[in-house]
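Peer 1:
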Amino acid sequence: NAGVTQTPKFQVLKTGQSMTLQCAQDMNHNSMYWYRQDPGMGLRLIYYSASEGTTDKGEVPNGYNVSRLNKREFSLRLESAAPSQTSVYFCASEWGGADNEQFFGPGTRLTVL
Amino acid sequence: GESVGLHLPTLSVQEGDNSIINCAYSNSASDYFIWYKQESGKGPQFIIDIRSNMDKRQGQRVTVLLNKTVKHLSLQIAATQPGDSAVYFCAENLWIQGAQKLVFGQGTRLTINP
């Protein structure tokens, strides 16, 4: 099993450009999450999907949209990138329900110039 | 909002010594906590968790202690090895609107000296 995979690994954008970060998991997990991690900081939740067909805002959703394409895939879109969105983005998944381990992908390092 | 915080941003220990990483949390209703290890360039990796009905849990070379009275938890790593060098995060797990939400602390960078 590959676990949680993310593409791309690195990306450089100019201010105002758009892009979509892809995430897929092969563990048949119900819940999926997008986090961002700024230098020297912990992870902050952007959006999550408790189950296929549902999405909800996390702590820092402004400037982002998400799509739960199917049970396996959860994408994060930046419609008009800003320098403040320069960060490392992590996708995670879990079975759902209470007290379950979240499994994280390797991250996408995004720089917005 | 409530947050999880760490006492020290960096910790250096000698190889073979024990390491103790501390974490304070502020949400008294929190009932589940997780420690993650993050190596450079990688995503966080689960180390150990503890529920609020416990005050101690042991894994392989790691022990987590939970003190609900003072809202504090710690991660103890025994006989620290070079491979333990990483940033360690505690996370508070909140159950909101049908999903778990992890609230991460800032992290402590553990450096192992040979």
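In the order they appear, the protein sequences are chains A and B. If you read the first sequence in our numbering, its first letter stands for residue 26, the second for the next number, and so on. If you read the second sequence in our numbering, its first letter stands for residue 709, the second for the next number, and so on. Note that beta-carbon positions come from the ideal geometry of N, C-alpha and C, so glycine has one too. Here the structure is a predicted model, which is why all the values come from computation and not from measurement.
1) Which chain A residues sit within Cβ distance under 7 Å of B/Lys-745?
2) Take the Cβ of A/Asn-26 as the centre, count every other Cβ of all protein chains shown within 10 Å, and call the residue buried at 16 or more, exposed below.
3) Going by DSSP, what residues sit across from B/Val-811 in a beta bridge?
4) Exposed or buried, which one is A/Arg-102 when buried takes at least 16 other CB atoms within 10 Å?
5) Note down, in chain order, each residue of its chain lying with its Cβ closer than 7 Å to the Cβ of B/Ala-786, except the 5 sequence neighbours on either side.
6) Would you list the one or two residues that DSSP bridges to A/Tyr-89?
7) Would you give the residue range spanned by the beta strand (DSSP E) that A/Met-44 belongs to?
8) What number of angstroms, rounded off, separates the C-alpha of A/Tyr-114 from the C-alpha of A/Ala-75?
9) Just to make sure I have the definition right: I need the residues of chain B whose C-beta is within less than 8 Å of the C-beta of A/Asn-125. Which are they?
10) For B/Pro-822, count neighbouring Cβ atoms within 10 angstroms of its own Cβ and tell me buried if that reaches 16, exposed if not.
11) If I follow the unbroken beta strand (DSSP E) through B/His-780, where does it start and stop?
12) What's the call for B/Glu-723, buried or exposed, on a 16-neighbour Cβ count within 10 Å?
13) Give the straight-line distance between the Cα atoms of A/Arg-61 and A/Leu-70, rounded to the nearest whole angstrom.
14) Name the two residues that bound the continuous beta strand (DSSP E) containing B/Asn-821.
15) How is the beta strand (DSSP E) around B/Trp-743 delimited, first residue to last?
16) Looking at A/Gln-31: is its Cβ nearer than 8 Å to the Cβ of A/Thr-133?
17) Just to confirm, is the Cβ distance from B/Gln-805 to A/Asp-124 under 8 Å?
18) Residues of the region 749-760 of chain B with a CB closer than 9 Å to any CB of chain A: list them in chain order, please.
19) Alpha carbon to alpha carbon, how far is A/Val-137 from A/Lys-39? Give it in angstroms, no decimals.
20) Measuring only between beta-carbons, confirm whether A/Asp-63 sits less than 8 Å from chain B.
21) In chain A, what lies closer than 9 Å to B/Ile-740 by C-beta?
Peer 2: Answer, in terms of the structure:
1) Those within 7 Å of B/Lys-745 in chain A number zero; the least Cβ separation is about 11 Å.
2) exposed
3) B/Glu-800
4) exposed
5) Asn-726 and Arg-769
6) Answer is none; A/Tyr-89 lacks a bridge partner.
7) 44-50
8) 19 Å
9) Ordered by position in chain B, the residues that pass the 8 Å Cβ test against A/Asn-125 are Gln-808.
10) exposed
11) Note, B/His-780: beta strand (DSSP E), 780-785.
12) exposed
13) 7 Å
14) 816-821
15) B/Trp-743 -> beta strand (DSSP E) spans 740-746.
16) yes
17) no
18) Residues passing the 9 Å Cβ filter: Gly-749, Lys-750, Gly-751, Pro-752, Gln-753, Phe-754, Asp-757 and Arg-759.
19) Straight-line spacing of the CA atoms in A/Lys-39 and A/Val-137 works out to 5 Å.
20) It does not; no Cβ of chain B falls within 8 Å.
21) Checking the sequence shown, residue 740 of chain B turns out to be Tyr, not Ile. The contacting residues are Ala-123 and Asp-124.
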